[in-house]
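K.L.:
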Amino acid sequence: MAFRADLLVARKHTRFGQDRFREAIAQAVASLGQFQRVEAERIRRFQHLTLSDERAESLILRSFERGFVSYRALPAVIQEWRQPSHDFGPEPSLWRLFNAWTTVLAPVAKRSPQRFASLTMDLQRMLDDHLPSPTSSGTVPVEATQSA
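Just remember that the working numbering sits 1 ahead of the position in the sequence shown, which is counted from 1.
(1) May I have the straight-line CA-CA distance separating Q115 from L60, to the nearest angstrom?
(2) With C-beta atoms as the reference, is S86 less than 7 Å away from Q48?
(3) Quick one: grab the DSSP three-state call for S64.
(4) Using 10 angstroms around the beta-carbon of S64, count the other beta-carbons present and answer buried if the total reaches 16, otherwise exposed.
(5) Reducing DSSP to helix, strand and coil, say where S53 ends up.
(6) Please report how far the alpha carbon of E81 lies from the alpha carbon of S71, in whole angstroms.
(7) Let me make sure I understand the geometry here. Which of R126, A107 and R83 has the alpha-carbon closest to that of L52?
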């Protein structure tokens with residue numbers, strides 16, 4: 002799993018720069034609690050949003066079209082979606098799909114952690130942009146899956 006955002010602390014090198022930098026670091030660390038709550042909600046949503054095979058495969062294809070997954074990795078992502086190598090819950094969920102990508106992209110994390118973080122953030126953004134909010138039952142409405 003990758004963080005969705007970076008914390009950037011930048012200060013000029015002035016006479017009081019070190020003090021201002023410490024203050025900025027303290028403020029950034031204080032905001033981590035809010036960041037954790039937002040990410041926990043995202044994970045909860047991913048875990049409870051049920052996907053059809055057709056919808057999942059459509060999103061996998063979009064990830065290929067956007068360059069997040071290479072043509073070599075594409076069959077592995079599809080296979081990981083259909084037969085997960087880890088238990089991500091009994092239902093075919095957005096969480097299972099996201100983990101299909103991250104499982105296949107794991108070698109990228111070892112070679113280039115920055116690239117892996119960027120890819121996972123791009124994937125999260127794509128999912129946020131293309132999926133409606135879940136209904137009370139946790140499923141994607143049929144009309145939304147057909148139009149997206």
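Virtual Cβ for every residue (Gly too), placed ideally from N, Cα, C. Note that this is a predicted model, so its numbers are computed, not measured.
P.N.:
From the atom records:
(1) 23 Å
(2) no
(3) helix
(4) buried
(5) coil
(6) 15 Å
(7) R83
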